[in-house]
Amino acid sequence: MFEILDKKILAPGVKLIKVKAPLISQKALAGQFVVIRVYEKGERIPLTIADKDEKEGSITIVFQEIGKTTKLLGKLEKGEYILDVVGPLGKPSEIDKYGVVIGVGGGVGIAALFPILKSLKSYGNYVISIIGGRSKDYVIYRDEIENLVDEAYITTDDGTLGRKGLVTDVLKELLENRKIDRIWAVGPTIMMKVVSEVTRPYDVPTIVSLNPIMVDGTGMCGGCRVTVGGEIKFTCVDGPEFDGHLVDFDELLLRLKTYKEEEMLALKILEESEANRIESFKD
Ligand code: FAD
Ligand code: FES
Ligand code: MG
């Protein structure tokens with residue numbers, strides 16, 4: 001059982017929880033994730049370790065409530081417990097001194113980008129961030145990122161914060177005018193696909209953090225299979241970060257829809273349930 005030490009609402013439907021997990025906090029590196037289970041018969045879901053505090057023995061998770069499991073997780077309060085938290089899983093980001101690096105983050109992916117930017121900065125890179133969301137309220141981790149990086153850009157779809165438009169608009173301009181050594185993109189799959197297409201002609205190495213459906217997170221089930229450079233990879237053990245120029249994004253987008261009907265049904269039942277507390281899903 002893993003105690004929730006703190007909980008914050010960062011944006012509509014986006015929550016941050018700090019979880020007591022001393023062993024994970026000692027080992028976790030940028031780019032890694034945990035697999036959690038909220039109740040005994042519940043599914044396992046992967047969530048990125050957005051931050052850690054070794055002294056406190058805690059890790060921070062930021063998640064978007066989109067379906068049954070993330071909504072149930074969002075109902076847990078400070079002082080309550082998560083049944084299982086397994087990790088750190090996945091390969092850490094390959095951090096080195098590259099020179100000028102850009103981190104592109106979209107939506108809840110901004111929180112997952114944060115530890116990568118932190119690590120890149122600690123290696124002496126000149127770090128540029130481009131973060132974006134639907135509107136002002138959805139641009140999370142703004143202060144943390146602005147205080148960390150050398151240059152920060154924000155875009156919103158509706159222009160309520162920063163520049164009106166997409167993160168890729170700013171990215172194109174930077175690529176046109178500057179020498180960029182490496183790019184990280186973390187966010188919705190479609191955003192990572194577009195970022196990879198934008199950077200391809202400039203031949204700038206582009207790392208993406210993939211989010212296929214995962215079950216065990218340890219290379220056993222094959223659920224997280226992706227095609228990278230024509231080869232089959234398991235995101236949980238070979239990734240989650242891959243060369244964006246080699247990823248078959250169309251296949252990944254299709255596979256993400258595999259259980260759409262079941263997921264929608266599970267959510268409907270949850271929402272219709274009068275007592276939609278975790279206790280009622282224990283049987
Ligand atoms: P559902 O209604 O079940 O699913 C909604 C959509 O989420 C699905 O259509 C599918 O595209 C995706 N999804 C569903 N089940 C899974 C699953 N078991 N594994 C992966 N994707 C799934 N989300 C965050 O909000 N914050 C994070 O930090 C974060 N980090 C991730 C790191 C990795 C390595 C991966 C692979 C995914 C990450 N995700 C993160 C996505 C998160 O796991 C899904 O949003 C979550 O599992 C949805 O579960 P649900 O039951 O609430 O929604
Ligand atoms: Fe099962 Fe990766 S989640 S093999
Ligand atoms: Mg689910």
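In the working numbering, the protein residues as written are 1 to 283.
Idealized CB from N, CA, C, for every residue including glycine.
_C-alpha distance - L267 paired with Y39, whole-angstrom precision_ = 16 Å
*asked:* Using the Cβ count rule (16 or more neighbours within 10 Å means buried), how would you classify D283?
replied: A caution first: D283 carries a pLDDT of 49, below 50, which makes its placement in the model too unreliable to give a value.
_3-residue-minimum beta strand (DSSP E) runs that sit fully inside the segment 95 to 138, ordered along the chain_ = 100 to 106 and 126 to 133
*asked:* Restricting to runs no shorter than 3 residues, where is the beta strand (DSSP E) found entirely within the segment 173 to 231?
replied: 182 to 186, 206 to 209 and 225 to 228
*Where does Q32 fall in DSSP's three states?*
coil
_Please state whether the Cβ-Cβ distance between G107 and Q64 is less than 8 Å._
yes
_Do R255 and P212 have their beta-carbon atoms positioned less than 8 Å apart in this structure?_
yes
*asked:* Is it the case that the segment 85 to 95 contacts the segment 31 to 38, given that we only count it when at least three CB pairs across the two stretches are under 8 Å?
replied: yes
*Under 7 Å from any heavy atom of the ligand MG, does the C-beta of K68 make it?*
yes
*The beta strand (DSSP E) spanning A152 covers which residue range?*
E151 to T156
*Return yes when the Cβ of K78 is within less than 8 Å of the Cβ of K20, no when it is not.*
no
*asked:* Below 8 Å on the Cβ atoms is my contact criterion, and I expect L120 with I95 to pass it. Report the Cβ-Cβ distance as a whole number of Å.
replied: 6 Å
_Contact between the segment 221 to 229 and the segment 187 to 199 is defined here as three or more beta-carbon pairs at a separation below 8 Å; is this criterion met?_
no
*Own chain partners of L166 with C-beta closer than 7 Å, once the 5 adjacent residues on each side are dropped*: G132 and T155
*Just confirm the distance between the C-beta atoms of I61 and F2, as a whole number of angstroms; I'd bet it's less than 8 Å.*
With a Cβ gap of about 10 Å, I61 and F2 do not count as contacting.
*Give a single yes or no on whether E263 has its beta carbon closer than 7 Å to a heavy atom of the ligand MG.*
yes
_Which residue wins for smallest C-alpha separation from E263, given the options P22, K71, I17 and E56?_
K71
*Is R285 buried or exposed, if buried means 16 or more other CB atoms sit within 10 Å of its CB?*
Residue 285 lies beyond the residue range present for the chain, which begins at 1 and ends at 283; the question has no answer from this structure.
*Span separating the alpha-carbon of V204 from that of K52*: 30 Å
*Would you call Q26 buried or exposed, if buried means 16 or more other Cβ atoms sit within 10 Å of its Cβ?*
exposed
*Local Cβ density within 10 Å of Y138, reported as buried at 16 or more and exposed below that*: buried
_Just to confirm the assignment: which complete beta strand (DSSP E) runs, minimum length 3, are found wholly within the segment 232 to 277?_
241 to 243
*Could you give the DSSP three-state label for G74: helix, strand or coil?*
helix
*asked:* Taking 8 Å as the threshold (beta carbon to beta carbon), is V208 in contact with chain C?
replied: In the displayed structure, chain C is absent; only one protein chain is listed.
*Same chain, Cβ closer than 7 Å to K172, five either side skipped, listed in chain order*: V198
*Report the rounded CA-to-CA distance for L23 versus V170, giving the unit in angstroms.*
39 Å
*Taking the alpha carbon of C236 as the point to measure from, which residue in K18, G217 and D243 has its own alpha carbon closest?*
G217
*Reference T332; option with closest CA among G99, K257 and G105*: Only positions 1 to 283 of the chain appear in this structure, which leaves residue 332 out of reach.
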